[in-house]
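**Q** My questions will all concern the structure given below.
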Ligand code: KG4
Ligand code: ZN
C-alpha cells in the first residue's frame, strides 16, 4: 500500500458510541465519542437495553462528526473497521449494522476487530510502534486479562479474571463508599487523600504462578469492613453503613482498596513479562487511566528493563481510534471480513 490508508472505525460494544478516522494505524485524524455515562449513572452500572437504544440514536451523528473533523470525504476511506466482539450483544449489533452499511455503500473492505485487542493497541496511537513481544494488561469495566502479543494481530491469552473485572470492582467499591458512578476516576481522586496501608485488604493471587485474577473477594472484604460485618453479626449489632465513616476513613478505604488492586495487577504483569521475555509492557482499558497503576507499572518497567507503553488518557477508555488503528493491520494482512460478519458477546478461549 503506497497511499496513506485512512480507516474509519466504529465502536459500540458498551456505553460509548464512537467513530474515528485513523491514517496508517497511527495518526488519529478524528475520534468522536458520545458517552452514555449520565444515562446509566442512576443505575450504578450499564443497562444493556438503554445502551443499545442510545447507540441507535447516536451512531449516525458520530459518524458524520468523525468524517467532518477529519477533513476527508467518504471517497477517501480505504476500509471500515468495527468492534464485533466481545461486548453487549445489542450494542455490538448497532455498530456492526452501521459498519456493514458503510462498507457496502462505499464498496470498501470491512474489518472485524476484537475490542480487547484494540485496547492492547491503543498505546500505539499517536506514538511509535510497540516493540514485540509485549506483555499487555487490559483492565476495564468488563475485562481484566493478560496477553502475550507478538504483533498487533497476534495475541495469545495468558490469563483473565475468573469473576469481577478490575473496573467493575472499582465501580462496586465506589457504590459501597457512596462515591458515585463510574467508580474508577472518583476512587483514584479520593485515594490521593488516604493512606494505602490503613487497611490490609486481601490480595487474591490464586495458586502457584497463575496469571488469572479474582476481585470478588476483595470487593466483599471492603463491604464487610465498611459495614462492620462479621463483627456486627457476632455482637448481634445491626450492620452499619458508610455514614459511620469519616471522610478520612473513606479515603483510607479507597486508597487501601486501590493499593490491593494495583499490587495484584503489578505482580501478575511482572510474572507474565518474565514468562514471555517481554520487550514492552503495555496497558489498556479504562483502569489504565488509574494514576497509582500507571506509577506502579512505570517502576516495574524500569526494574525489568522493558519499554513502557501507556495509552494517552483519551485512548484508555472506550474509543473508535483504537479500532480503526488495529483495523489497519488486518487490512495490511489481507484479513477482511464478509458482510455476514457476526457479533459475539463473549470470545471463546
Ligand atoms: O475501557 P472502558 O471505558 O470500558 C469497558 O470496556 O469496560 O473502562 C471503563 C472502566 C470503568 O469500570 C471505570 O470505573 C474504570 O474503567 N476507570 C478507572 C479509572 N478511569 C476509568 N478505574 C480506575 N482508575 C481510573 N482512573
Ligand atoms: Zn473497553
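Residue numbers (my numbering): -9 to 339.
Positions of the beta carbon are idealized from the N, C-alpha and C atoms, including for glycine.
Bear in mind the structure is a predicted one, so any value in this text is a computation, not a measurement.
Any heavy atom of the ligand KG4 within a distance shorter than 8 Å of the CB on residue 189?
**A** Walking along the chain shown from the start, residue 189 turns up at place 199. Incorrect: residue 189 has no Cβ contact closer than 8 Å to the ligand KG4.
**Q** To the nearest angstrom, how far is it from the Cα of residue 184 to the Cα of residue 289?
**A** The residue labelled residue 184 in the question sits at position 194 within the chain shown. The residue labelled residue 289 in the question sits at position 299 within the chain shown. Those two C-alpha atoms are separated by around 21 Å.
**Q** Residue 131 and residue 172 - do their beta-carbons sit closer together than 9 Å?
**A** Taking the first residue of the chain shown as 1, we reach residue 172 at position 182. Taking the first residue of the chain shown as 1, we reach residue 131 at position 141. Cβ distance < 9 Å, so residue 172 and residue 131 count as in contact.
**Q** Measure how close the beta-carbons of residue 80 and residue 42 come, nearest whole angstrom, since I'm counting them as under 8 Å.
**A** One-based indexing of the chain shown puts residue 80 at position 90. One-based indexing of the chain shown puts residue 42 at position 52. Right, their Cβ atoms sit about 3 Å apart.
**Q** Cα separation between residue 181 and residue 126?
**A** As a first step, residue 181 is located in the chain shown; it is residue number 191 there, counting from the start. As a first step, residue 126 is located in the chain shown; it is residue number 136 there, counting from the start. For residue 181 and residue 126, the distance between alpha carbons rounds to 25 Å.
**Q** Figure out for me which residue from 93, 200, 89 and 113 has the closest Cα to the Cα of residue 270.
**A** The residue you call residue 270 lines up with position 280 of the chain shown. With distances taken between Cα atoms, residue 270 lies closest to 113.
**Q** Look up residue 117 in the DSSP assignment and say whether it is helix, strand or coil.
**A** The residue labelled residue 117 in the question sits at position 127 within the chain shown. It is coil, neither helix nor strand.
**Q** Do three or more CB pairs link the stretch 306 to 315 to the stretch 3 to 15 at distances below 8 Å?
**A** Short answer: they touch.
**Q** Using DSSP's beta-bridge definition, name the partner residues of residue 145.
**A** The sequence position of residue 145 within the chain shown is 155, counting from 1. BP columns for residue 145 point to 139.
**Q** Do residue 286 and residue 240 have their CB atoms nearer than 9 Å?
**A** Numbered from 1 along the chain shown, position 296 holds the residue referred to as residue 286. Numbered from 1 along the chain shown, position 250 holds the residue referred to as residue 240. Contact: no.
**Q** Check whether the Cβ of residue 215 lies closer than 9 Å to any Cβ atom in chain B.
**A** This model lacks chain B altogether, as it is built from one protein chain only.
**Q** Using only the heavy atoms of the ligand KG4, determine whether one of them is closer than 8 Å to the beta carbon of residue 277.
**A** The sequence position of residue 277 within the chain shown is 287, counting from 1. Yes, Cβ of residue 277 sits closer than 8 Å to a heavy atom of the ligand KG4.
**Q** List, from N- to C-terminal side, the alpha helix (DSSP H) runs of 4 residues or more that fit wholly inside the stretch 7 to 78.
**A** The stretch 7 to 78 contains these whole alpha helix (DSSP H) runs: 27 to 31 and 38 to 60.
**Q** With a Cβ-Cβ cutoff of 9 Å, do residue 92 and residue -2 count as a contact?
**A** Reading the chain shown from its first residue, position 102 is the one you call residue 92. Reading the chain shown from its first residue, position 8 is the one you call residue -2. Yes; because the gap between Cβ atoms is below 9 Å, this pair is in contact.
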